[in-house]
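Contents: one structure, followed by commentary.
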Amino acid sequence: MHAQKSGMKTALSIMIFDENRIRASIIEEGLREAGHDRVVVIHDIVGLARQIEVIGPDVIVIDIETPNRDMLEHLFQLTRSVRKPIAMFVDRSDSSSIEAAVEAGVSAYVVDGLKKERVKPILDMAVSRFKAFSRLQQELADAKSALEERKIIERAKGILMKSRKLSEDDAYALLRQTAMNEKKKLADIAQSVVMAAAILEG
Amino acid sequence: MSFIRTGIDKSQGSGVAAPATIRSEGTRLVRAGFIPLVDASVLIAASEFGFAAREGVQLDLVKDVSWANIRDRLAFRQFDIAHMLAPMPVASALGLGSNPSPVIAPFSLGRGGNAITLSVQLYRRCQAKADLGGRENALTNAKALKLVIEEMRSNGEALPVLGMTYPFSSHNYELRYWLAAGGIHPDHDVKLVVVPPPMTSDALSAGAIDGFCVGAPWNMVAVARGVGRIVAVKEDIWPSSPEKVIGTRPEWAEQNPETLSRLIVALDHAAAWCDIPDNRRELAQVLAEQRYLDASAEIVHRVLLGEFTIDPDGTERTVPEYFSFHRDAANFPWTSQAQWIFSQMVRWGQVAYAPETSRQVLTAFRPDLYRNALGSRSDVPVDDLRVEGGAMDDGFIDGEVFNPQDIPAYLAGFDIQTSQPKSPEQTEI
Chain P
1 MHAQKSGMKT
11 ALSIMIFDEN
21 RIRASIIEEG
31 LREAGHDRVV
41 VIHDIVGLAR
51 QIEVIGPDVI
61 VIDIETPNRD
71 MLEHLFQLTR
81 SVRKPIAMFV
91 DRSDSSSIEA
101 AVEAGVSAYV
111 VDGLKKERVK
121 PILDMAVSRF
131 KAFSRLQQEL
141 ADAKSALEER
151 KIIERAKGIL
161 MKSRKLSEDD
171 AYALLRQTAM
181 NEKKKLADIA
191 QSVVMAAAIL
201 EG
Chain D
203 MSFIRTGIDK
213 SQGSGVAAPA
223 TIRSEGTRLV
233 RAGFIPLVDA
243 SVLIAASEFG
253 FAAREGVQLD
263 LVKDVSWANI
273 RDRLAFRQFD
283 IAHMLAPMPV
293 ASALGLGSNP
303 SPVIAPFSLG
313 RGGNAITLSV
323 QLYRRCQAKA
333 DLGGRENALT
343 NAKALKLVIE
353 EMRSNGEALP
363 VLGMTYPFSS
373 HNYELRYWLA
383 AGGIHPDHDV
393 KLVVVPPPMT
403 SDALSAGAID
413 GFCVGAPWNM
423 VAVARGVGRI
433 VAVKEDIWPS
443 SPEKVIGTRP
453 EWAEQNPETL
463 SRLIVALDHA
473 AAWCDIPDNR
483 RELAQVLAEQ
493 RYLDASAEIV
503 HRVLLGEFTI
513 DPDGTERTVP
523 EYFSFHRDAA
533 NFPWTSQAQW
543 IFSQMVRWGQ
553 VAYAPETSRQ
563 VLTAFRPDLY
573 RNALGSRSDV
583 PVDDLRVEGG
593 AMDDGFIDGE
603 VFNPQDIPAY
613 LAGFDIQTSQ
623 PKSPEQTEI
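For the protein sequence lines, the chains are P and D, in the order given.
In this text, residue positions in the first sequence follow the numbering used here: the first is 1, and each later residue adds one.
In this text, residue positions in the second sequence follow the numbering used here: the first is 203, and each later residue adds one.
The structure is reproduced here in structure tokens:
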């Protein structure tokens, strides 16, 4: 990270390291909207060290789930001529924002001595964009699994209609009744039917 | 028709799980971070085999992906305790690293577990250069590597890149110690990089690194995959070399003395259980589970027994004490070992030596807390420090002996070392 002369208040240089390209671009966009024009996004660990050396970011935002954080620690240990980066937070007494960041999966490095009012909005932005991204991801996963569930219920109905010679409505009623009796989800019971049929056939 | 009861698996893979945050009055819930490694055995066994429950402690184990996360989440009160590299509390005490908030180690998680692996290609070259048959000791292997490096340099070839885990790790200091014992300067003759242990085999087979020093089971995994050759184990470098510890915040220890004591008793019992060879199959099975190491139970079991295949050609080696979880006061946090770690930090230019800096290190390891919990027992050491590496079966690879009372004299005995540069000025921006 580059040393800057005191008193000079140049725009902060921000680096986003995230192997997830979509999430990285969501954060980048947010930062640009907030008026930060010195934002660099890095996706690949290869060459990261060199990039940090060249760009000398004031703030690095990094996904907390990447094991590559330890690589950064080593890098900071080696690059002695530059300012010392500190992990994550400018104000460690602010435990609620720390918790929010960890829960959202954000970690960050900030050059030591940077005023906290300059850094906090950046971290807050990263946290809210990380959260928005995982919400989107969850919605997508939910939609996918709802579709999967419908498919499996259809298959189970078909199996029951054939093996028990039931109408579609009766097959569905049997599944529902069994689910209620066993206190399970309809999709779980349907999955059991499909598996049982597969085993009996196989 | 009867239904087979089965559920649709909805669990989604996530590297970092959220720890429980609710702590009700009276329950002794202890949130513990760990990295999936065999040397987390004692902590995992304490939770899985009832040792913690017997002391009224409920361990909430949270798997994490990096030592930096472990350090930060302990500092930011997400964890009460954590499985840590022994040098981490020492680094904190000295203000090193990007988040040096206070950490103390009241309990050591045992000895052993590390090894140094070279790529098969690099090792074969060492064999050819130094006429190695494959049964040579770790020092001979290091000297052979030196010959190869000299040849590489005169040919204008790129020097070897070696991976380790963290700047303040036993792996970093052990790898450096081994290299230097063979006459190789770790900062001039090779390039050291950090590679997350689960990625070492891939990095080796991709040619991104030429060797590495990490904990179990990753060295054995590299051999099993046919890409790595084990050339040294921790026991070859220094059997007593401190490995992982239980770290906690001093303020948590002060506020929860009773819980900490019970925890130490539970860990002590778990460690004794882990040391019994007959228990190691059961231990291996639990460690291998997805929520812990997510590795082959067979490899983990062999690793626990110290039975290795060190070369893809089938060469075997047995190191019976490869893991010592309890015996010979393996859990005692010797302040002399914290001082040895400090000496290595000085040797490799991470910090400058000063008598007051050496005194600062004394806050990192806390044998007093260990004694508070277990003190009445006869096998608890009376002293906090000792001369290290002096015993017949506990020597350093180069025959040096560490006297914690005279670190400058100890360091003066090494030809190969790196000096500490000046630190930059601090200004607010």
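C-beta atoms are modelled at their ideal positions from N, C-alpha and C, and glycine is treated no differently.
Roughly how far, in whole angstroms, is the beta-carbon of residue i from the beta-carbon of residue j, given that I think they are within contact range, below 8 angstroms?
i                : j                : result
Ala190 (chain P) : Leu175 (chain P) : 6 angstroms
Ala123 (chain P) : Ala108 (chain P) : Rather than Ala, the amino acid found at residue 123 (chain P) in this sequence is Leu. Correct: roughly 6 angstroms between the Cβ atoms.
Ser372 (chain D) : Ala288 (chain D) : 6 angstroms
Glu73 (chain P)  : Ser300 (chain D) : 6 angstroms
Gln607 (chain D) : Phe567 (chain D) : Their Cβ separation, rounded to whole angstroms, is 16 angstroms, which puts Gln607 (chain D) and Phe567 (chain D) out of contact at 8 angstroms.
Ile64 (chain P)  : Val106 (chain P) : 6 angstroms
Tyr572 (chain D) : Phe534 (chain D) : 6 angstroms
Pro514 (chain D) : Tyr555 (chain D) : Not confirmed; about 43 angstroms, so no contact.
Ala499 (chain D) : Pro419 (chain D) : That pair is no contact at about 10 angstroms.
Ala332 (chain D) : Leu320 (chain D) : With a Cβ gap of about 13 angstroms, Ala332 (chain D) and Leu320 (chain D) do not count as contacting.
Please state whether the Cβ-Cβ distance between residue i and residue j is less than 8 angstroms.
i                : j                : result
Val447 (chain D) : Met286 (chain D) : yes
Ile411 (chain D) : Leu347 (chain D) : no
Ala340 (chain D) : Val423 (chain D) : no
Met366 (chain D) : Phe414 (chain D) : yes
Gly235 (chain D) : Ala284 (chain D) : yes
Ala24 (chain P)  : Met125 (chain P) : no
Val240 (chain D) : Leu489 (chain D) : yes
Ala143 (chain P) : Leu160 (chain P) : no
Leu31 (chain P)  : Val39 (chain P)  : yes
Arg129 (chain P) : Ile26 (chain P)  : yes
Pro441 (chain D) : Arg579 (chain D) : no
Asp586 (chain D) : Trp542 (chain D) : no
Asp44 (chain P)  : Ser13 (chain P)  : no
Leu506 (chain D) : Ala532 (chain D) : no
Leu296 (chain D) : Val563 (chain D) : yes
Leaving out five residues on either side along the sequence, give the residues of the same chain with a beta carbon under 6 angstroms from the beta carbon of residue i.
i                : result
Ser81 (chain P)  : Residue confidence for Ser81 (chain P) is low, a pLDDT of 48 falling below 50, so the modelled location carries little weight; the figure read from the coordinates is stated next. For Ser81 (chain P), where only same-chain residues beyond five positions count, there are no Cβ hits under 6 angstroms.
Tyr375 (chain D) : Gln546
Leu324 (chain D) : Asp412
Leu495 (chain D) : Pro238, Leu489
His18 (chain P)  : With the sequence shown as reference, residue 18 (chain P) is identified as Asp, and His is not the correct amino acid for it. Within the same chain, Asp18 (chain P) has close Cβ partners Ala24, Asp63.
Ala426 (chain D) : none
Gly428 (chain D) : Pro514
Can you list, in chain order, the residues of its chain whose CB lies under 7 angstroms from that of residue i, leaving out five sequence neighbours each side?
i                : result
Asn574 (chain D) : Ser463
Ala187 (chain P) : Glu149, Ile152, Ile153
Ser204 (chain D) : Any reading at Ser204 (chain D) must be qualified, since the residue scores a pLDDT of 37, below 50, and its modelled position is unreliable; no value is offered.
Val603 (chain D) : Val589, Gly591, Gly592
Trp380 (chain D) : Ile318, Ala340, Ala344, Ala434, Ile439, Ile599
Val127 (chain P) : Ala100, Ala101, Ala104, Val106
Asp274 (chain D) : Asn301
His503 (chain D) : Arg482, Arg483, Ala486
How far does the alpha helix (DSSP H) with residue i in it extend, from its first residue to its last?
i                : result
Gln541 (chain D) : 537-549
Pro400 (chain D) : Looking at the DSSP string, Pro400 (chain D) is not in any alpha helix (DSSP H), and its letter there is neither H nor E.
Ile22 (chain P)  : 21-33
Ser294 (chain D) : 289-295
Thr178 (chain P) : 168-182
Phe205 (chain P) : No statement about residue 205 (chain P) is possible, as the shown extent of chain P runs from 1 to 202 and does not include it.
Lys331 (chain D) : 322-332
Val54 (chain P)  : 48-55
Arg561 (chain D) : 557-563
Just curious, the beta strand (DSSP E) that residue i is in, first and last residue?
i                : result
Asp262 (chain D) : 260-265
Lys115 (chain P) : That residue, Lys115 (chain P), is in no beta strand (DSSP E); it is neither H nor E in DSSP.
Val244 (chain D) : Looking at the DSSP string, Val244 (chain D) is not in any beta strand (DSSP E); the run it does join, the alpha helix (DSSP H), is 243-250.
Phe236 (chain D) : 231-236
Ala87 (chain P)  : 85-87
Phe534 (chain D) : First-last for Phe534 (chain D): undefined, no H or E at that position.
Lys446 (chain D) : 446-450
Ile618 (chain D) : Counting along the chain, Ile618 (chain D) falls outside any beta strand (DSSP E), and DSSP gives it neither H nor E.
Ala632 (chain D) : For residue 632 (chain D) there is no data in the structure shown, the boundaries of chain D being 203 and 631.
Which residues in the same chain as residue i place their Cβ atom closer than 8 angstroms to its Cβ, once the five residues preceding and following it in sequence are excluded?
i                : result
Leu245 (chain D) : Ala234, Phe236, Leu261, Leu263, His285, Leu311, Ile448, Leu469, Ala472
Ile86 (chain P)  : Tyr109, Val110, Val111, Asp112
Considering only heavy atoms of the ligand SAH, does any lie closer than 7 angstroms to the CB of residue i?
i                : result
Tyr612 (chain D) : This structure lacks the ligand SAH; in fact it carries no ligand of any kind.
Worksheet item: So, do the stretch 464-475 of chain D and the stretch 522-529 of chain D have three or more beta carbon pairs nearer to each other than 8 angstroms?
Response: yes
Worksheet item: Are there three or more Cβ pairs, one per stretch, closer than 8 angstroms when the stretch 595-615 of chain D is compared with the stretch 326-338 of chain D?
Response: no
Discussion item. For the structure I just gave you, are there three or more beta carbon pairs, one from the stretch 246-259 of chain D and one from the stretch 46-54 of chain P, closer than 8 angstroms?
Written reply: no
Practice prompt. Specify whether the stretch 393-413 of chain D and the stretch 300-314 of chain D touch according to this definition: at least 3 beta carbon pairs, one from each stretch, less than 8 angstroms apart.
Written response: no
Item to complete: Mind the definition here: the stretch 259-273 of chain D touches the stretch 476-483 of chain D only if three or more C-beta pairs lie below 8 angstroms; say whether that holds.
Response: no
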